[in-house]
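Going left to right, the sequence shown walks through residues 0 to 338 as numbering that gives the first Met the number 0 numbers them.
Report on the following structure.
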Amino acid sequence: MRVLITGGAGYIGSHTAVQLVEAGHEPIIVDSYINSTPGVLARIEKVTGRAVPAHELDLVDEEGTRALFEDVRPDAVIHFAGLKAVGESVEKPYDYYRNNLQSALSVVGGMMATGCRTMIFSSSATVYGEGSVPLTEEQSDLSSSNPYGWTKVMIEQVLTDIATASDLRVALLRYFNPVGAHPSGLMGEDPTGIPNNLMPYVAQVAGGKREKLTVFGGDYPTDDGTCLRDYLHVLDLADGHIAALEKISAEDISVRAWNLGRGTPVSVLELVHAFEQASGQKVAYEIGPRRAGDLTAVWADTTRAREELGWSAERTVEDMCADTWRWQRLNPDGYRTAL
Ligand code: NAD
Ligand code: WQD
0 MRVLITGGAG YIGSHTAVQL VEAGHEPIIV DSYINSTPGV LARIEKVTGR AVPAHELDLV
60 DEEGTRALFE DVRPDAVIHF AGLKAVGESV EKPYDYYRNN LQSALSVVGG MMATGCRTMI
120 FSSSATVYGE GSVPLTEEQS DLSSSNPYGW TKVMIEQVLT DIATASDLRV ALLRYFNPVG
180 AHPSGLMGED PTGIPNNLMP YVAQVAGGKR EKLTVFGGDY PTDDGTCLRD YLHVLDLADG
240 HIAALEKISA EDISVRAWNL GRGTPVSVLE LVHAFEQASG QKVAYEIGPR RAGDLTAVWA
300 DTTRAREELG WSAERTVEDM CADTWRWQRL NPDGYRTAL
């Protein structure tokens with residue numbers, strides 16, 4: 000299948016491009032590079048042995064997006080493009096609503112104009128609000144605590160309404176906590192500035208780029224007092240997209256949500272210790288105050304993805320840490336590191 004990957008230069012999109020090539024599909028990337036760099040393209044080529052075509056475009060531009068669809072004529076779209084920093088979305092809600100909502104609408108418009116019927120959408124566990132764990136897709140009262148999360152809830156609704164009224168087929172994939180890197184050491188997460196998320200921060204402490212990790216809260220009602228999350232390897236996540244793509248294409252499903260996680264809660268300190276083990280490096284940390292908005296425990300019920308997509312996350316926390324460390328060690332400056 001010819002698959003247009005919006006946001007394909009980003010962390011998850013670039014790994015999905017690699018897995019699509021490996022699975023015999025034909026990915027085409029579009030990205031504005033607002034949170035990524037074209038440097039990733041050479042890495043994708045090195046890993047796969049194939050140059051994946053890439054277009055530079057801000058998908059907020061409706062006409063430009065339509066022209067792109069007329070040019071590329073994809074069979075399916077995986078829509079990763081969007082801004083994703085929770086804290087920044089609270090400070091700049093207009094930017095988040097404009098970028099994420101408008102680009103999703105442009106992409107659907109391009110699909111409708113060119114008869115492309117199949118979309119995989121990057122949603123998030125954040126749409127479950129404060130639902131009780133393990134989180135299941137049956138929970139219907141979606142909500143969020145921040146503008147970023149609301150863009151996911153809103154886009155899910157927009158896509159559901161359009162799919163219901165048309166022949167569009169939509170997979171809503173609710174990711175838990177994607178981490179890890181390509182085992183080649185050539186590709187990984189490349190945050191600009193101070194990382195917002197735990198794994199890249201831990202990797203930078205282990206690599207000597209940052210002095211110590213602040214653990215946000217040590218007094219949660221969990222065994223070691225730190226929050227529980229459902230970390231999954233980015234390559235397992237990428238494979239989940241391919242499983243969903245093949246499912247909705249083959250079975251003509253209108254709209255369906257699937258959780259993509261491992262279904263196993265891991266605490267902040269467990270992740271820190273697993274990273275120390277995998278890297279052989281000390282990860283200095285101190286326990287600090289709680290971060291506003293953090294929930295005690297978030298993990299997935301993965302039954303539906305297992306039974307319907309035949310997909311489950313196979314890579315372990317040790318794999319996630321070992322692959323992240325290899326990426327960090329070999330690329331201290333991310334994609335700015337010379338190949
Ligand atoms: P990322 O920032 O690395 O990738 C997103 C890409 O989209 C970037 O390359 C960015 O330049 C591009 N982009 C943003 N707005 C654009 C626009 N208007 N036009 C064209 N390109 C645009 O993020 P990621 O971690 O790879 O996440 C991919 C998707 O998955 C996002 O939608 C994100 O919200 C969602 N998601 C991520 C996580 C996570 O923890 N990483 C969890 C749940 C959901
Ligand atoms: C994990 C745990 C922190 C940093 C976020 C988004 C979510 C989804 C995935 C997109 C928490 C703790 C973190 C640090 C810490 N993204 N932590 N010190 O918050 O579970 O999820 O990314 O959809 O919507 O909210 O991930 O990696 O930020 O935090 O102690 O420096 O690590 O408190 O318990 P989170 P995270």
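C-beta: ideal position from N, C-alpha, C; glycine also.
Put residue i into one of helix, strand or coil per three-state DSSP.
{"i": "residue 145", "result": "coil"}
{"i": "residue 215", "result": "strand"}
{"i": "residue 10", "result": "helix"}
{"i": "residue 306", "result": "helix"}
{"i": "residue 150", "result": "helix"}
{"i": "residue 296", "result": "strand"}
{"i": "residue 102", "result": "helix"}
{"i": "residue 131", "result": "coil"}
{"i": "residue 121", "result": "strand"}
{"i": "residue 244", "result": "helix"}
{"i": "residue 228", "result": "strand"}
{"i": "residue 313", "result": "coil"}
{"i": "residue 115", "result": "coil"}
{"i": "residue 338", "result": "coil"}
{"i": "residue 331", "result": "coil"}
{"i": "residue 84", "result": "coil"}
{"i": "residue 223", "result": "coil"}
{"i": "residue 90", "result": "helix"}
{"i": "residue 321", "result": "helix"}
Sorted by chain position, which residues of the same chain lie with C-beta nearer than 6 Å to residue i's C-beta, five sequence neighbours on each side aside?
{"i": "residue 148", "result": "125"}
{"i": "residue 167", "result": "116 and 161"}
{"i": "residue 262", "result": "299 and 301"}
{"i": "residue 292", "result": "144"}
{"i": "residue 325", "result": "184"}
Can residue i and residue j be called in contact, C-beta distance under 7 Å?
{"i": "residue 105", "j": "residue 150", "result": "no"}
{"i": "residue 257", "j": "residue 296", "result": "no"}
{"i": "residue 42", "j": "residue 185", "result": "yes"}
{"i": "residue 323", "j": "residue 202", "result": "yes"}
{"i": "residue 176", "j": "residue 209", "result": "no"}
{"i": "residue 313", "j": "residue 277", "result": "no"}
{"i": "residue 40", "j": "residue 54", "result": "no"}
{"i": "residue 169", "j": "residue 76", "result": "no"}
{"i": "residue 152", "j": "residue 141", "result": "yes"}
{"i": "residue 9", "j": "residue 31", "result": "no"}
{"i": "residue 179", "j": "residue 265", "result": "no"}
Spatial neighbours of residue i within its chain, please: C-beta separation below 7 Å, excluding the five flanking residues on both sides.
{"i": "residue 19", "result": "2, 26 and 241"}
{"i": "residue 289", "result": "215 and 216"}
In chain order, what residues of the same chain have a beta carbon less than 8 Å from the beta carbon of residue i, not counting five sequence neighbours either side?
{"i": "residue 174", "result": "11, 121, 122, 123, 124, 231, 236, 259 and 260"}
{"i": "residue 21", "result": "47"}
{"i": "residue 72", "result": "1, 113 and 115"}
{"i": "residue 239", "result": "172, 257, 259, 304, 308, 310 and 312"}
{"i": "residue 163", "result": "253 and 254"}
Assuming the contact rule is C-beta atoms closer than 8 Å, residue i and residue j should be a hit. Round their C-beta distance to whole Å, please.
{"i": "residue 82", "j": "residue 95", "result": "5 Å"}
{"i": "residue 272", "j": "residue 14", "result": "That pair is no contact at about 25 Å."}
{"i": "residue 213", "j": "residue 285", "result": "6 Å"}
{"i": "residue 51", "j": "residue 28", "result": "6 Å"}
{"i": "residue 118", "j": "residue 110", "result": "7 Å"}
{"i": "residue 80", "j": "residue 102", "result": "5 Å"}
Inset, instruction - Would you mind listing the alpha helix (DSSP H) stretches within the stretch 251-289 that are 4+ residues and don't spill past its ends, in chain order? - result: Listed in chain order, they are 267-278.
Legend entry - Residue ranges of each alpha helix (DSSP H) within the stretch 0-81, 4 or longer: The stretch 0-81 is shown to contain whole alpha helix (DSSP H) runs of 4 or more residues at 10-21, 38-47 and 61-71, in chain order.
Legend entry - Minimum length 3: unbroken beta strand (DSSP E) runs contained in the stretch 155-220: Correct list: 168-174, 176-178 and 212-215.
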